[in-house]
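*Asks:* Numbering (my numbering), first residue to last: 110 to 217.
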């Protein structure tokens, strides 16, 4: 049986959905998607007095990404659909070859 980890994402919005923000949750990381799904409604219930519009989503995470510098990215679409994913950002490393060579010049 393959484990699929999940992150619980809870978003709170204004009445007209024009202002939204990610909200902290008591438990954010789960070993399985099923455990995460079971916690969405309790997490939402705990925030109903603060935000009128709440959206919860369990975002799958590949456990192999544990060593990666992954980040949770999300976007609320105009139709109210929440896009969320754990992604590893593309990183470009620049190097100044001339500067590197200068450091290795033998001194006599």
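Don't be surprised by glycine CBs; every beta carbon is placed ideally from N, CA and C.
#1: Taking only the alpha-carbon atoms, compute the straight-line gap between residue 167 and residue 155 and give it to the nearest angstrom.
#2: What residue from 136, 162, 188 has the CA that sits closest to residue 114's CA?
#3: How many angstroms separate the CA atom of residue 187 from the CA atom of residue 126?
#4: To which residues does DSSP link residue 162 through a beta bridge?
#5: Check this for me: beta carbons of residue 152 and residue 119, under 8 Å apart or not?
#6: Count the other CB atoms, across all protein chains shown, that sit within 10 Å of the CB of residue 196; report buried if there are 16 or more and exposed otherwise.
#7: Tell me the residue span of the alpha helix (DSSP H) that contains residue 152.
#8: Can you give the beta carbon distance from residue 121 to residue 160, rounded, assuming they're within the 8 Å contact cut?
*Replies:* Result, derived from the coordinates:
#1: 17 Å
#2: 136
#3: Cα to Cα, residue 187 sits roughly 9 Å from residue 126.
#4: Under DSSP, residue 162 forms a beta bridge with 122.
#5: Yes. Within cutoff.
#6: exposed
#7: 142-154
#8: Residue 121 to residue 160, Cβ: 3 Å. Contact.
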